[in-house]
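Residue numbers (full-length UniProt numbering): 1 to 573.
Here you go:
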């Protein structure tokens with residue numbers, strides 16, 4: 001899979017990405033000498049053993065053995081596939097993954113993306129030219145939307161009628177099937193096929209790469225449903241997509257905070273007033289997939305809900321889904337609006353500054369968490385406080401071990417008027433994952449060849465000290481081909497980091513072996529390692545000459561070529 005994306009692209013991507021920034025948004029890192037460290041996010045520990053090297057662009061946990069590059073970290077921590085991790089990093093640094101090498105897009109998906117884009121342009125064109133467009137234009141004006149905002153979000157209109165999209169794009173049975181697959185047409189029990197969206201304001205839904213994957217349509221009268229979304233399709237899954245995220249990332253080079261609101265118009269109205277960091281779920285509650293996507297996009301997420309009972313219940317569902325993700329370098333907050341207000345009406349009535357002030361004073365996750373649960377018990381009685389411990393226990397069990405969980409337990413002890421010693425006897429601690437202890441091997445016990453490879457992996461700049469590789473080409477020794485290829489790669493690409501080298505070997509037979517060598521402890525300084533490397537290479541050259549001489553001497557003289565005879569005489573002199 002990795003090989004289908006050009007290695008040169010991955011080299012450039014890793015040169016632009018800083019692994020420290022990638023990890024620090026998910027795990028709070030602290031300076032420790034020339035490296036950074038933290039408690040490992042992949043196993044339960046109290047003492048930090050997880051280190052990140054800015055020089056090598058590599059992470060390693062001395063406790064469980066987890067290690068890798070920025071790409072590998074996203075794959076393990078965010079549970080992304082290789083192409084998804086590449087795309088995530090490329091989005092962050094403004095690079096475009098070569099489309100001809102896109103390994104995650106099937107021909108069916110490509111056809112649907114192309115079709116959705118054309119239909120989106122059709123809806124925009126209708127809003128600009130259709131004879132009955134004025135009622136739609138007037139509605140958008142009444143909502144205070146400018147031409148620029150309408151264009152930014154690609155808002156259009158689906159004219160009245162049963163077959164506008166069908167007639168325009170369904171000129172063959174193959175195209176009709178694609179329209180059905182994309183959720184743009186409906187086929188009823190009687191076999192009749194017609195447009196799903198009719199007489200509605202149309203909001204294209206884009207994925208994080210900007211591709212149109214679905215639509216939301218709003219009626220202008222009292223028809224139901226008021227909002228109609230595309231159904232689940234091969235390219236649209238509402239439980240993983242967020243409306244407005246593409247625009248938010250495009251408008252903000254680095255998102256420090258994301259505001260999650262209820263609907264399309266909330267996102268658009270806030271953007272109209274200069275608040276360009278809002279997104280909305282698509283008719284569903286906030287799912288774990290939504291949360292993972294949000295938390296890897298910005299360090300702070302603020303949920304904006306109605307202040308009524310329904311709004312607080314929606315907030316609690318989001319809080320429950322967030323439990324397994326707490327404790328990193330992110331913060332979750334909750335903002336509850338006054339009765340009768342939504343973000344759209346509030347920002348129009350009070351202005352952006354007042355709205356932003358409310359956002360800044362949002363309720364912290366822990367405050368909301370305990371406020372919700374203490375409503376269910378009587379804290380004035382011992383029975384009620386004991387009940388609180390029992391109510392909170394199953395939720396705490398889902399929180400990863402670390403400082404944040406410890407602080408939640410401390411707060412529970414305070415509310416229940418008990419002490420941590422008592423509480424710890426009744427709170428189940430998370431089970432640590434089985435540790436993958438890496439075998440330690442010192443320089444003294446490594447073979448010279450392994451040591452040379454390890455030095456080059458950890459100090460790629462030293463490859464410039466060796467200007468040729470042909471002298472060891474004939475050496476019959478396990479690993480010599482790896483050393484030769486490594487040197488040739490670094491001669492051609494002298495600016496590769498440890499991470500970039502290892503990514504070039506991803507999924508290859510020796511990839512895991514090289515990762516282990518990249519982790520070996522090298523106790524010498526860079527200057528000392530230079531002379532160590534030169535000495536090893538000189539030793540390998542001598543071995544190669546000796547092997548070659550023995551080979552030539554083993555052959556009958558009559559079978560040697562004139563060149564080989566001359567080579568033998570020279571080696572014996």
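Ideal Cβ placement from N, Cα and C applies to all residues, glycine included. Just so you know, these numbers come straight off a predicted model, no measurement behind them.
For residue i, does the three-state DSSP call read helix, strand or coil?
{"i": "residue 53", "result": "strand"}
{"i": "residue 363", "result": "strand"}
{"i": "residue 111", "result": "helix"}
{"i": "residue 204", "result": "strand"}
{"i": "residue 300", "result": "strand"}
{"i": "residue 552", "result": "helix"}
{"i": "residue 209", "result": "coil"}
{"i": "residue 122", "result": "helix"}
{"i": "residue 426", "result": "coil"}
{"i": "residue 186", "result": "strand"}
{"i": "residue 197", "result": "coil"}
{"i": "residue 60", "result": "strand"}
{"i": "residue 157", "result": "strand"}
{"i": "residue 42", "result": "coil"}
{"i": "residue 563", "result": "helix"}
{"i": "residue 67", "result": "strand"}
{"i": "residue 139", "result": "helix"}
{"i": "residue 217", "result": "strand"}
{"i": "residue 395", "result": "helix"}
{"i": "residue 459", "result": "coil"}
{"i": "residue 487", "result": "helix"}
{"i": "residue 496", "result": "coil"}
{"i": "residue 437", "result": "Note that residue 437 scores a pLDDT of 43, beneath 50, so its modelled location is shaky; the value from the coordinates is reported in the next line. Looking at residue 437 - three-state DSSP - the assignment turns out to be coil, as it is neither helix nor strand."}
{"i": "residue 619", "result": "Outside the shown range of the chain, which is 1 to 573, sits residue 619, and nothing can be said about it."}
{"i": "residue 228", "result": "strand"}
{"i": "residue 476", "result": "coil"}
{"i": "residue 162", "result": "coil"}
Quick one: what's residue i bridged to in DSSP?
{"i": "residue 32", "result": "35"}
{"i": "residue 233", "result": "236"}
{"i": "residue 306", "result": "337"}
{"i": "residue 415", "result": "Paired residue(s): none; residue 415 is not in a bridge."}
{"i": "residue 260", "result": "279, 303"}
{"i": "residue 449", "result": "DSSP lists no partner for residue 449."}
{"i": "residue 243", "result": "280"}
Short of 7 Å in beta carbon distance, which residues of its chain neighbour residue i, apart from the five on each side in sequence? Order them along the chain.
{"i": "residue 526", "result": "459"}
{"i": "residue 395", "result": "323"}
{"i": "residue 57", "result": "14, 19, 69, 70, 497, 498, 499"}
{"i": "residue 119", "result": "165, 169, 184"}
{"i": "residue 210", "result": "246"}
{"i": "residue 367", "result": "none"}
{"i": "residue 556", "result": "none"}
{"i": "residue 510", "result": "482"}
{"i": "residue 408", "result": "366, 396, 399"}
Quick one: measure Cβ to Cβ for residue i and residue j, integer angstroms, because I've assumed they're closer than 8 Å.
{"i": "residue 333", "j": "residue 302", "result": "5 Å"}
{"i": "residue 158", "j": "residue 198", "result": "6 Å"}
{"i": "residue 95", "j": "residue 13", "result": "6 Å"}
{"i": "residue 145", "j": "residue 166", "result": "Incorrect: roughly 29 Å between the Cβ atoms, too far for contact."}
{"i": "residue 236", "j": "residue 156", "result": "In fact, because the Cβ distance is near 17 Å, the residues do not count as touching under 8 Å."}
{"i": "residue 347", "j": "residue 245", "result": "About 19 Å; that fails the 8 Å criterion."}
{"i": "residue 90", "j": "residue 22", "result": "With a Cβ gap of about 12 Å, residue 90 and residue 22 do not count as contacting."}
{"i": "residue 251", "j": "residue 295", "result": "Between residue 295 and residue 251 the Cβ distance is about 20 Å, and since that is not below 8 Å, they are no contact."}
{"i": "residue 241", "j": "residue 282", "result": "6 Å"}
{"i": "residue 213", "j": "residue 205", "result": "6 Å"}
{"i": "residue 263", "j": "residue 352", "result": "Wrong, their Cβ atoms sit about 18 Å apart, outside the cutoff."}
{"i": "residue 453", "j": "residue 517", "result": "5 Å"}
{"i": "residue 319", "j": "residue 257", "result": "Wrong, their Cβ atoms sit about 18 Å apart, outside the cutoff."}
{"i": "residue 208", "j": "residue 93", "result": "Wrong, their Cβ atoms sit about 14 Å apart, outside the cutoff."}
{"i": "residue 11", "j": "residue 34", "result": "So it is not a contact: roughly 23 Å between Cβ atoms."}
{"i": "residue 335", "j": "residue 358", "result": "6 Å"}
{"i": "residue 194", "j": "residue 163", "result": "6 Å"}
Excluding five sequence neighbours on each side, which residues of the same chain lie with their C-beta closer than 8 Å to the C-beta of residue i?
{"i": "residue 393", "result": "426, 427, 428"}
{"i": "residue 377", "result": "384, 385, 387, 388, 391"}
{"i": "residue 539", "result": "448"}
{"i": "residue 181", "result": "108, 112, 233, 234"}
{"i": "residue 553", "result": "568"}
{"i": "residue 457", "result": "486, 498, 501, 502, 514, 517, 518"}
Closer than 6 Å by C-beta to residue i: which residues in its own chain qualify, once you throw out the five before and the five after it? Chain order, please.
{"i": "residue 565", "result": "none"}
{"i": "residue 260", "result": "279, 303"}
{"i": "residue 231", "result": "183"}
{"i": "residue 316", "result": "372"}
{"i": "residue 548", "result": "474"}
Taking only beta-carbon positions, decide if residue i is within less than 7 Å of chain D.
{"i": "residue 419", "result": "Of the protein chains in this structure there is only one, and it is not chain D."}
Along the chain, which unbroken stretches of the alpha helix (DSSP H) at least 4 residues long are found entirely within the region 321-393? 343-350, 352-360, 365-374
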